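**Q**
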Amino acid sequence: MANLDDKKQLAGVIGYFEGEESLLHAMVQVRDAKYHYFDAFTPYPVHGMDAAQGLKRSPLPFVTFAAGLTGCSIGFLLQYWTSAVDWPINVGGKPLNSWPAFIPVIFECTILFAGLATVGAMFILNGLPNIRRKSFSPRLTQDRFAILIEAPIQSESEEKFKPFYEVEVSEFLKKAGAQDIKSVYTEGWF
Amino acid sequence: MATPSDVIPFHSEVYVTGDKTLKDVNQDVSNPLENFPTKIWWVCFSFALFAIAIWAFTVTAVVVTGQGVLGLNQPNGWGTDITNFVFWVGIGHAGTLISAILFLFRQKWRTAINRSAEAMTIFAVITALTFPLLHTGRPWYACFWLLPYPNQRHLWVNFRSPLLWDVFAVSTYFTISLVFWFVGLIPDLASVRDRSKNSIRKFIYTILSLGWRGSNKNWSHYEMAYMILAGLSAPLVLSVHTIVSFDFAVSVIPGWHTTIFPPYFVAGAIFSGFAMVVTLLVIMREVFHFKNYITLEHLEKMNKVILATGMIVGYAYSCEFFIAWYSGSPFERFAFINRAFGPYWWAYWIMASCNVLVPQIFWFRAARRSIPTMFVVSLFVNVGMWFERYVIVVTSLHRDFLPSSWSYYAPTWYDWGWTFGSFGLFFALFLLFVRFLPTIAMAEVKGVLAQQKSHGSSHQEVSVHG
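Below you can see the structure in the form of C-alpha cells.
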C-alpha cells in the first residue's frame, strides 16, 4: 500500500458543504488566508461567489469587442473588394461602393465573429474541452458545494502565499464549516 | 399587521412550485432521458415520421420532376416555398426572444422554458432552410450561387440583393443560436453525466459536456460569455426578421414596398413563435410531468405576450390600409382592396380573425390560465400566421403590373405535402430533443430556486417582526 501512495501525488484538499451560504462564508476565509490556488465547485453559479473568491472580472468583453471589429471590417472589405475592385458590376445604376446596401451583411459578420470568438475564448480560458477531467463527486453538479485548496507545485511556492500543509489545510476547512473533507491526488488529468 | 401576502416583495415570485429540492430538479428533468420512452412519445414520433415520409416523397418529386409539380406559375413565383420559409423562421424567433431578450431584462421566469424554446428555434430554422434551398430548383448547386467564394467564373454574389442579405442573416442566426443553446446545455450535460449509471450514456454525455466540473472560475467566464451571447443575439434576432422582410420591402411590388414591414414582421414572428412555444409546452408539461416547473404563471405570462404582439400585428394590418389610402397611389390602393376583397379574401379574413380577434380572449384572466383555451388559441394563431405569410406572398404577386399576365395561384397537393411534412420534420427533431437532452435548464432553475428559498426565509423573518 505504501508503494501505491508514493506514486500518487497530493493535488489538494477538498471540503464539501451542503449549502451556498456556508460555502460563501468559508470562501471568504479561504481567500483571506491567502492560499495560492483555490476554487469553488457549485452546481449553479452562486451569486456573490466571484467577490468572495476574489476573482477579477472576466476579460471576455475585450475579446468580443476585438472580434466584432474584425468581423465588421472583414464584412465591409469583402463586399467592397468583390463589388468595386475585383469585378465591378453596375447594378441598377447604384455606385460601385454602395455602402448602405452593405450594412446588413456587415452587421451579420460582426455578430458572427464576435459570438464565435467569445465562446472560443471562454473555452480556452476554462480549459474546455477536456473530457479526461473527472468530477470530485457526482453530487457537485447536483446539490452539493465544495472548496478545493490546491497544493502548489514545489518550484512555484512563493513567499506571499500561505504555505500548504495537508493536515493544516484540512483543519482549516473543517473550521470554516466543511462537513466532509478529502485529500485529492493527481491522476494525470488534474 | 402585515399578512404574508403583503410581505412578499414583488421580485420574489414563486417560479418553481411543489417544494422542490436541488436534487429533485435533477431527478425530474433527467427522468425522460434515463427511461425508455413512453407510449405517448412513440405515438407522437410515429406521426412525425409519417409526416416526414410525406415530406420526403414531395421533396423527391420536386427535385426529380421539377418545380412544375408545385402550383407556381407566372407571375406567382414564390408560392408556398417562401410562405413556409418565412413562417418557420418566424417560429424560431420566440426562442431567441425568451433566451436572450428576457435574460437581459432579468426575467427569471424564462428559466423554465428557455431550453425548449431555444431548441425550437434551432429546429424551426433547420425546417425553414429546406424551403429556399429547394426553391432554388437544384439545391445541390445552391452553395455555388449563395456564398461568396473565389471561383473559376471570377464572379461574386450580388451584395446589393436582399436575398443575399438573407443568406448571411439566417446562417448567422442559425450558427449563433446553436452555439448559445449548446453553451447553455454544458452544465446540464455534466449533471446528466455525473448521475448516469449506464456506461454508454456516461461516455456520450462525458464527451458532450466537454469536461465541465462546475468550478467557480469556470462559472465566472461562463456567465460572462452567456451574457455577451445574449447581448449579441438580441439585436441579431431583430435583424433576421427585418432582413427577411427586406426580401419583400426592398422590391417595387405594391403591398410589399412598405416601410412598416421590418417591425411588423418582427412582431409577427414573436407572436407566432410564442404561440408555438405554448403549443409545445402545454403538451410537454403534461407528458413529462413538468407542471411544477412550467407553471400556470409561466403560461399566463406567455399569453400576455401573445395578446400584446397580436395587437401590434393588428395595428400593422390597419396601418397598411391607412397608408394605402393616404399615399394616394392607385397601385397601392388596388393591392390592398384586392387583398381583403379580391380572389384571396378568404385567406385574408382567416388571417385577420385568427391573429387579431381570437387572441382578444386573453384580456380575461380565466382564459389566460385555462390550458384548453390557450392550446386552442395557440393553434389558431399558428394557422393565422401561416396565412399571413401566404396572403403577403400571393396577393401581391398574382396581380402584377401587366394585367394580361394576372392569374390565380392554387397550391397543389405537393405544396400541401411539403407544408404538412415540414411539421413532421420539426416535431421529429423536437421529440428527439426531449428524449436525449435535458429539456429544462437545470443549473438556471437551481439558481432561481436558491433565490426563491432565501427570499422565502427573509419573508418569514419579516413576518416574525410584524
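Protein chains in written order, with our numbering: chain A, 2 to 191; chain B, 778 to 1243. All C-beta atoms, glycine included, are put in the ideal place defined by N, C-alpha and C. The structure presented is a predicted model; accordingly, all values stated were derived computationally and were not measured.
Any beta carbon from chain A within less than 8 Å of R1110(B)'s own beta carbon?
**A** With 8 Å as the cut-off, R1110(B) does not count as an interface residue toward chain A.
**Q** At which residue ranges does the stretch 969-1023 of chain B contain complete alpha helix (DSSP H) runs of 4 or more residues, listed in the order of the chain?
**A** Qualifying alpha helix (DSSP H) stretches, in chain order: 976-985.
**Q** CB-CB under 7 Å to Y186(A), same chain, minus the five flanking residues each way: which ones, in chain order?
**A** Taken in chain order, the residues that qualify are K9, Q10, L11 and A12.
**Q** Which residues share a DSSP beta bridge with F146(A)?
**A** F18(A), per the DSSP bridge assignment.
**Q** Start and end of the beta strand (DSSP E) containing K183(A)?
**A** Unbroken beta strand (DSSP E) run through K183(A): D181 to Y186.
**Q** Here's a check: name, in chain order, each residue in its chain whose Cβ is nearer than 8 Å to the Cβ of P1039(B), leaving out the five neighbours to either side.
**A** Cβ neighbours of P1039(B) beyond the five flanking positions: H1018, T1019, S1022, F1023 and A1026.
**Q** Counting only Cβ pairs nearer than 7 Å, list the residues of chain A close to E1000(B).
**A** Within 7 Å Cβ-Cβ: P46.
**Q** Which residue comes first and which comes last in the beta strand (DSSP E) that contains K40(A)?
**A** Residue identity check: residue 40(A) is Asp in the sequence provided, not Lys. Segment Y38 to F42, the beta strand (DSSP E) holding D40(A).
**Q** What are the boundary residues of the alpha helix (DSSP H) that includes L910(B)?
**A** First-last of the alpha helix (DSSP H) with L910(B): N891 to H912.
**Q** For T983(B), return the contacting residues in chain A, with the cut-off set at a CB-CB distance below 8 Å.
**A** Near T983(B) (Cβ distances below 8 Å), the residues of chain A are I132.
**Q** Residues in the same chain with beta-carbon distance under 7 Å from N861(B), minus the five sequence neighbours each way, listed in chain order, please.
**A** Taken in chain order, the residues that qualify are F908, T1196 and S1199.
**Q** Is the separation between the beta-carbon of G1087(B) and that of V1133(B) shorter than 8 Å?
**A** Yes, these two residues count as a Cβ contact at 8 Å.
**Q** Quick one: grab the DSSP three-state call for G845(B).
**A** Here G845(B) sits in helix by DSSP.
**Q** Closer than 8 Å, Cβ to any Cβ of chain B: which residues of the stretch 96-114 of chain A, in chain order?
**A** Within the stretch 96-114 of chain A, the residues whose Cβ lies closer than 8 Å to some Cβ of chain B are S99, A102, F103, P105, V106, F108, E109, C110, I112 and L113, listed in chain order.
**Q** Can you have a look at T1036(B) and say buried or exposed, based on whether 16 or more other CB atoms are within 10 angstroms of its CB?
**A** Looking at its Cβ environment, which holds fewer than 16 other Cβ atoms inside 10 Å, T1036(B) is exposed.
**Q** Please work out which residues of its chain come closer than 7 Å, Cβ to Cβ, to F882(B), disregarding the five sequence neighbours upstream and downstream, and give them in chain order.
**A** Closer than 7 Å at Cβ, skipping near neighbours: no residue.
**Q** Where does K163(A) fall in DSSP's three states?
**A** Looking at K163(A) - three-state DSSP - the assignment turns out to be strand.
**Q** For P127(A) and chain B, any beta-carbon pair shorter than 8 Å?
**A** Sequence inspection shows Asn at residue 127(A); the Pro mentioned does not correspond to that position. Interface residue, yes.
**Q** What distance in whole Å lies between the Cβ atoms of E19(A) and R145(A), which are believed to be in contact at a cut-off of 8 Å?
**A** That pair is a contact at about 7 Å.
**Q** Under a Cβ-count criterion, where at least 16 other Cβ atoms within 10 Å of its own Cβ denotes burial, should W100(A) be classed as buried or exposed?
**A** Exposed, because fewer than 16 other Cβ atoms sit within 10 Å of the Cβ of W100(A).
**Q** Taking only beta carbons into account, state which residues of the stretch 925-936 of chain B come closer than 7 Å to chain A, listed in chain order.
**A** Flagged, chain order: P925, H931, L932, W933, N935 and F936.
**Q** How far does the alpha helix (DSSP H) with P96(A) in it reach, from first residue to last?
**A** Neither: P96(A) is in no alpha helix (DSSP H) and is coded neither H nor E.
**Q** Whole-angstrom Cβ separation of G843(B) and A1187(B), contact assumed at under 8 Å?
**A** That belief does not hold up - the Cβ atoms of G843(B) and A1187(B) are roughly 18 Å apart, past 8 Å.
**Q** Name the chain B residues whose beta carbon is nearer than 9 Å to that of S84(A)?
**A** In chain order: W933, N935, F936 and R937.
**Q** Can you pull the chain A neighbours of S876(B), defined as C-beta to C-beta under 7 Å?
**A** By Cβ distance, chain A contributes nothing, its closest Cβ being about 13 Å from S876(B), past 7 Å.
**Q** Nearest to Y1(A) by alpha carbon, out of L129(A), M123(A) and F173(A)?
**A** Missing from the structure shown is residue 1(A); chain A here goes from 2 to 191 and no further.
**Q** For the stretch 1171-1186 of chain B against the stretch 830-844 of chain B, are there 3 or more C-beta pairs whose distance is under 8 Å?
**A** No, the stretch 1171-1186 of chain B is not in contact with the stretch 830-844 of chain B.
**Q** Going by CA-CA distance only, name the one from W989(B), F951(B) and K979(B) that's closest to I903(B).
**A** It is F951(B) whose Cα lies nearest to the Cα of I903(B).
**Q** Drop a sphere of 10 angstroms on the beta-carbon of N995(B), count the other beta-carbons inside from all chains shown, and report buried for 16 or more, exposed for fewer.
**A** The residue is buried, with at least 16 neighbouring Cβ atoms inside 10 Å.
**Q** Is I953(B) close to chain A? Criterion is C-beta to C-beta, closer than 8 Å.
**A** With 8 Å as the cut-off, I953(B) counts as an interface residue toward chain A.
**Q** Can you give me the C-alpha to C-alpha distance between K885(B) and G1119(B), rounded to a whole angstrom?
**A** So the alpha carbons of these two residues sit roughly 47 Å apart.
**Q** Near W832(B), which residues of its chain fall below 8 Å by C-beta distance, leaving aside the five closest residues on each side in sequence?
**A** Correct list, in chain order: G1194, W1195, F1197, G1198, S1199, G1201 and L1202.
**Q** If you compare alpha carbons, which of H1066(B), A1007(B), S1095(B) and V1090(B) is closest to A1046(B)?
**A** Nearest of H1066(B), A1007(B), S1095(B) and V1090(B) to A1046(B), Cα basis: V1090(B).
**Q** One question on the structure: do P925(B) and W933(B) come within less than 8 Å of each other, judged by their Cβ atoms?
**A** Contact flag set, yes.
**Q** Please report the straight-line C-alpha distance between H26(A) and N127(A), rounded to a whole angstrom.
**A** Taking the straight line joining both Cα atoms gives about 25 Å.
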